[in-house]
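Here's the structure we're looking at; comments come further down.
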Amino acid sequence: MELLYPLLYLILLSRTEAKGISWSCDDYQANFTVKEVVGTWHVVAIIPEKLFPDNQNKLTCYKVEFSETDAAGLQWLVNNTVGSKHKVDRLTNSEGTIIRQRYHSERPFDVWSKSVEDVNGCFKQVLSLDTDKTELSKAITHDDMMQLHLLETNDQAGPFLLQMLWGRMISVVVYRRHEGVTQEELKPVYEMTSELRGPQRIPRICDRPFRDVLKEI
Ligand SMILES: *[C@@H]1O[C@H](CO)[C@@H](O)[C@H](O)[C@H]1NC(C)=O
Ligand SMILES: *[C@@H]1O[C@H](CO)[C@@H](O)[C@H](O)[C@H]1NC(C)=O
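Here's what the structure looks like:
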C-alpha cells in the first residue's frame, strides 16, 4: 500500500521518534539568516537515516514556505486554538526568532519553531497545526529540534537549504528554490553532512511532482 503523504509522514515520524535529542543542535553554528531563508522552497531530496524504509519506492515532493512571525502573533494563535498556558508562558518569556513553515503537502499544515539562543540556525518546534486548524489534539508537539543551514555550491540553481533533523528516519531534508536535482549536484550536501555527522546513506531524490492543493483553496 502506498501512503498518501509518505515523505511528510516520515518526517513527522522521524521527529517524534527522535532518540537522544540534541538540545542545542550539537552546538554547530549553521550558515543561517532569516532574510535568506524566507520564501518558497522545494524539497528536492532527503538523506535517509538508518531506519528509512528502503521499500519506499516513491518520494513525493512538495513545496514549503518559510516566513518569519513574532511571539505575539503566535501567542494569539495559541490562545485561540489550543490555549495551552504552559506554551504561552514559554513563548512570552524569551526573545528569539520564530519561523513558520507552511507545508504544501496533500494535507497542508504549518509548523512554528523558535530559535535556540546562541546556536545559529537551531530551532525548537513549538506548534504544528493543519492549515484548516482542525486536528488540535495533535497541535502541540514534542520540542523537536531542527537546524537550518544554507549551503552555497556556486552552481546556477543557487544555494541549498538543509534542514537537519535528529530522528532515525531522516537525517537531512534538502531544499532548493526550484524543483529538480541530480546526485552530482547533491555531492556537496552529502560531503558536508558526512563531515558533520559521520557516514551517511546515499541521498534519495524526490521523484514525483507534487500537487499543490493550497493554491486551490
Ligand atoms: C493569551 O493568553 C494569556 C493568558 O491566558 C494572556 O495573558 C495574553 O494576553 C493572551 N495573549 C494574546 C496575544 O491573546
Ligand atoms: C551562507 O549563505 C549565504 C546565503 O545563501 C551564501 O551567500 C554563502 O555563500 C553561504 N556560505 C556557505 C559557507 O555556504
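In terms of mature numbering (1 follows the signal peptide of the UniProt record, and there is no 0), the sequence shown is residues -18 to -1, 1 to 199. Just so it is clear, CB atoms sit at the ideal spot from N, CA and C, and this is done for glycine as well.
- In terms of Cα proximity to residue 96, the closest of 104, 90, 89 is 104.
- Residue state for residue 56 is assigned as helix, using DSSP reduced to three classes.
- Here the segment 21 to 34 makes no contact with the segment 56 to 63; the two share fewer than three CB pairs at distances below 8 angstroms.
- Restricting attention to 40, 175, 6, the CA atom closest to the CA of residue 188 is found in 40.
- By the neighbour-count criterion, in which 16 or more other beta carbons inside 10 Å mark a residue as buried, residue 160 falls on the exposed side.
- The C-alpha of residue 186 lies about 15 angstroms from the C-alpha of residue 145.
- 46 is the residue among 176, 46, 58 whose C-alpha sits nearest the C-alpha of residue 143.
- When 88, 89, 85, 51 are compared, the shortest CA-CA separation from residue 79 is found for 51.
- Within the same chain, 150, 151 come within 7 angstroms of residue 33 by CB-CB distance, once the 5 residues on both sides are set aside.
- A residue is called buried once 16 or more other Cβ atoms fall within 10 Å of its Cβ, and residue 29 is buried on that count.
- Considering only 53, 35, 133, 12, the residue with the shortest C-alpha distance to residue 167 is 133.
- Shown here for residue 102: same chain residues with a beta carbon closer than 6 angstroms to its own, the five before and five after excluded, namely 11, 12, 14 in chain order.
- Shown here, residue 31 sits in coil according to DSSP, grouped into three states, outside any helix or strand.
- Judged by beta-carbon spacing, residue 16 lies beyond the 8 angstroms limit of residue 162, meaning their Cβ atoms are not closer than that value.
- Cβ contact annotation for residue 99 (same chain, cutoff 7 angstroms, sequence separation greater than five): 78, in chain order.
- Excluding sequence positions up to five before and after residue 182, its CB lies within less than 7 angstroms of the CB of 29, 153, 172, 175, 176, all in the same chain and listed in chain order.
- For residue 37, the CB stays at least 7 angstroms from every heavy atom of ligand 2.
- Looking at the DSSP output, residue 50 bridges to 81.
- With fewer than 16 other CB atoms across the displayed protein chains lying within 10 angstroms of its CB, residue 164 is exposed.
- With a cutoff of 7 angstroms, residue 18 counts as near ligand 2, since its C-beta is closer than that to a heavy atom of the ligand.
- Rounded to whole angstroms, the Cβ separation of residue 56 and residue 109 is 7 angstroms, and the two are in contact under 8 angstroms.
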